[in-house]
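**Q**
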Amino acid sequence: MSQLADTRLYKRSKEIIHDLLKKEEEITLLHQHVVKHESQLDIMIDEVDQPKMEQAYRDEHHDLIKQMETYEASYQKTKKLLFALISEIIKKEKQHHLLN
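So for the sequence shown, the working numbering puts the first residue at 71; every next one is plus one.
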């Protein structure tokens, strides 16, 4: 029974690690987009009236906000799974320690 539980925990931990690595790649790409977006801020603050470019900048800004919100929700879900797994492992270790 213990081996089955260990195998299940191992599988869950591998899935969470995979998710965390994907999250790391996602946040790196998002960061690059934000840096690029920030470098284009001159479009908004210069004295030149460029309505189409300014609207495109605002649209991109709102899109980045939505992407960050989606990332945040997904990251929080993965984080909760990780802490639930850690909690389960700690409980099993305590049980194992008490039985031996």
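All residues carry an ideal CB built from backbone N, CA and C; glycine is no exception. For clarity, every value in this text was computed on a predicted model and none was experimentally measured.
If you measure between the beta carbons of V104 and L134, is that distance less than 8 Å?
**A** What you label residue 104 is simply residue 34 of the sequence shown in a count that begins at 1. What you label residue 134 is simply residue 64 of the sequence shown in a count that begins at 1. Their beta carbons are under 8 Å apart, which means V104 touches L134 by this criterion.
**Q** Within a Cβ cutoff of 6 Å, which residues of the same chain sit near K162, ignoring the five residues on either side of it in sequence?
**A** Counting from 1 along the sequence shown, the entry for residue 162 is found at position 92. Excluding residues within five positions, none has a Cβ falling inside 6 Å.
**Q** Could you check how far apart the C-beta atoms of I87 and T148 are, in whole angstroms? I think they sit under 8 Å.
**A** Within the sequence shown, numbered from 1, the residue matching residue 87 stands at position 17. Within the sequence shown, numbered from 1, the residue matching residue 148 stands at position 78. Incorrect: roughly 10 Å between the Cβ atoms, too far for contact.
**Q** According to the Cβ coordinates, are L79 and I159 closer than 8 Å?
**A** What you label residue 79 is simply residue 9 of the sequence shown in a count that begins at 1. What you label residue 159 is simply residue 89 of the sequence shown in a count that begins at 1. Result yes, Cβ atoms of L79 and I159 sit closer than 8 Å.
**Q** Note down the Cα distance separating L152 from D116, rounded to an integer number of angstroms.
**A** Looking up residue 152 in the sequence shown gives position 82. Looking up residue 116 in the sequence shown gives position 46. When rounded, the distance between both Cα atoms is 46 Å.
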